[in-house]
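So for the sequence shown, our numbering puts the first residue at 795; every next one is plus one. Glycine is no exception: its CB is placed at the ideal position from the N, C-alpha and C atoms. Note that the structure is predicted; figures quoted are calculated from it, not measured. Everything on this sheet refers to the single structure shown next.
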Amino acid sequence: MKRNSAKRIERSVPRKVVRMRGAGKTIVLGVTGSIAAYKSAELASLLVKQGHQVFPVMTHDATEFITPLTLQTLSKNPAMTSFFDEKENWRPGHIELADRANLLLIAPATANILAELAHGLANHPLAAIALATRAPILIAPAMNGKMWSHPATIENVETLKARGVEFIGPEEGMLACGYEGIGRLWKVNDIAFRAEFLLARQDNLIA
Ligand SMILES: Cc1cc2nc3c(=O)[nH]c(=O)nc-3n(C[C@H](O)[C@H](O)[C@H](O)COP(=O)(O)O)c2cc1C
């Protein structure tokens, strides 16, 4: 009886994100034009609480869903939305971020950004950073289930996985487009946890 209630308590305790080792890291948080983009605000906030430097990089369409001001306030760093934000610096800001990043996390990731990354396009800062960085890349996709299961998306995901890109989600549930099925952004807490795991794994590989 006692053992059962202990089990119940264990299950009901929410997963807590804790820093495993090492100092705060630099995370470039890519945000794309998905209805789930508002969840990136909580993600940015969580990663900052975990002690990291978070630099939001938003696609143009992401700014239709969440303002750069929100992400910039929560991350305490400027949100990059265009190559032409970068005029004050002699060194292109996107390359500086690509070099500085310990992790590139794209959450939520649209079908469009998956196609761009799979094909090596670089026509906006987020895509260019993905090409220029040598940091691990973690992608949390969110989209309509038919978009996710389309052969083009499947092929793009396979291409990216073969290059070492890691994926988390999507999960099943009620989608904003009215369908039920696969396509929802994975739980933000779990995305932050996976990011922490990848950073710690990097520490272990380097040590
Ligand atoms: C209300 C609304 C919600 C959308 N949600 C998604 C989504 O969750 N996933 C997705 O792949 N595309 C979604 N789209 C389509 C993308 O915004 C569109 O493909 C866009 O070009 C993506 O640009 P980006 O990848 O540069 O951010 C949505 C569009 C609208 C109008």
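Using the three-state DSSP reduction, which class does Gln844 fall into: helix, strand or coil?
Counting from one through the sequence shown, the residue named residue 844 turns up at place 50. The answer is coil: DSSP assigns Gln844 none of H, G, I, E or B.
Leu776: first and last residue of the uninterrupted beta strand (DSSP E) it sits in
Past the edges of the chain, shown from 795 to 1001, lies residue 776, and the structure says nothing about it.
With burial defined as no fewer than 16 other Cβ atoms inside 10 Å of the residue's Cβ, what is the status of Ser988: buried or exposed?
Within the sequence shown, the letter at position 194 stands for residue 988. Before going on, a small fix: residue 988 reads as Arg here, not Ser. Buried is the call here.
Is Ile907 near Thr853, with beta carbons less than 8 Å apart?
The count along the sequence shown starts at 1 and reaches residue 907 at position 113. The count along the sequence shown starts at 1 and reaches residue 853 at position 59. Contact: yes.
Pull up the DSSP beta-bridge partners for Met874, would you.
Mapped onto the sequence shown, residue 874 falls at position 80. According to DSSP, Met874 bridges with Val851.
C-beta atoms of Asn896 and Lys819 nearer than 8 Å
One-based indexing of the sequence shown puts residue 896 at position 102. One-based indexing of the sequence shown puts residue 819 at position 25. Taking 8 Å as the Cβ cut-off, Asn896 and Lys819 qualify as a contacting pair.
Using only CA atoms, which one of Thr867, Pro935, Glu836, Glu952 lies nearest to Asn983?
Indexing the sequence shown from 1 puts residue 983 at position 189. Nearest C-alpha to Asn983: Glu836.
Asn998, DSSP secondary structure in three states
What you label residue 998 is simply residue 204 of the sequence shown in a count that begins at 1. In the structure shown, Asn998 sits in a helix (DSSP, three-state: H, G or I).
Is the Cβ-Cβ distance between Val822 and Val842 less than 8 Å?
For this step, residue 822 is matched to residue 28 along the sequence shown. For this step, residue 842 is matched to residue 48 along the sequence shown. No, the pair does not count as a contact, with Cβ atoms beyond the cut-off.
Can you tell me whether DSSP reads Leu932 as helix, strand or coil?
Position 138 of the sequence shown, counting from 1, holds the residue named residue 932. Residue state, collapsed to three classes: strand.
His888 and Phe878 - do their beta-carbons sit closer together than 8 Å?
Within the sequence shown, residue 878 is the residue found at index 84, counting from 1. Within the sequence shown, residue 888 is the residue found at index 94, counting from 1. No. Outside cutoff.
Take Glu910 as the anchor and find which of Ala921, Ile900, Gln866, Trp942 has the nearest alpha-carbon.
Translated into the one-based positions of the sequence shown, residue 910 becomes position 116. Closest by alpha carbon: Ala921.
Just to confirm, are Asn871 and Gln844 a CB contact at a threshold of 8 Å?
Taking the first residue of the sequence shown as position 1, residue 871 is located at position 77. Taking the first residue of the sequence shown as position 1, residue 844 is located at position 50. The answer is no: Cβ separation not under 8 Å.
Euclidean distance between Cα positions of Lys916 and Ala924
The sequence position of residue 916 within the sequence shown is 122, counting from 1. The sequence position of residue 924 within the sequence shown is 130, counting from 1. A small fix is needed here, since residue 916 is Ala in this sequence, not Lys. Each residue's Cα considered, the two are about 8 Å apart.
Is the beta carbon of Arg978 less than 8 Å from the beta carbon of Leu969?
As a working mapping, residue 978 is identified with position 184 in the sequence shown. As a working mapping, residue 969 is identified with position 175 in the sequence shown. Yes, they are a contact pair.
Residue range of the alpha helix (DSSP H) that includes Ile889:
In the sequence shown, counting from the first residue as 1, residue 889 sits at position 95. It spans 887 to 894 - the alpha helix (DSSP H) in which Ile889 sits, taken as one unbroken run.
Residue nearest to Ala936 in terms of C-alpha spacing, selected from Leu863, Thr927, Thr947
As a first step, residue 936 must be located in the sequence shown, where it is residue number 142. Taking only the C-alpha atoms, the option nearest Ala936 is Thr947.
Identify, in the order they occur along the chain, each residue of the same chain with its Cβ nearer than 7 Å to the Cβ of Val959, setting aside the five sequence neighbours on each side.
Residue 959 sits at position 165 when you count from the first residue of the sequence shown. Cβ within range, chain order: Ile931, Ile933.
Sort out for me which residues DSSP pairs Arg978 with in a bridge.
One-based indexing of the sequence shown puts residue 978 at position 184. Note: Arg978 sits in a beta bridge opposite Glu965.
Closest to Ile985 by C-alpha separation, out of Gly972, Gly963, Glu974, Gly975, would be which residue?
To locate residue 985, count along the sequence shown from 1; it is residue 191. Closest by alpha carbon: Gly963.
In three-state terms, what does DSSP make of Thr861?
Position 67 of the sequence shown, counting from 1, holds the residue named residue 861. Looking at Thr861 - three-state DSSP - the assignment turns out to be coil, as it is neither helix nor strand.
CA nearest to the CA of Ala956, picked from Glu990, Ala912, Trp942:
One-based indexing of the sequence shown puts residue 956 at position 162. Ranking Glu990, Ala912, Trp942 by Cα distance to Ala956 puts Ala912 first.
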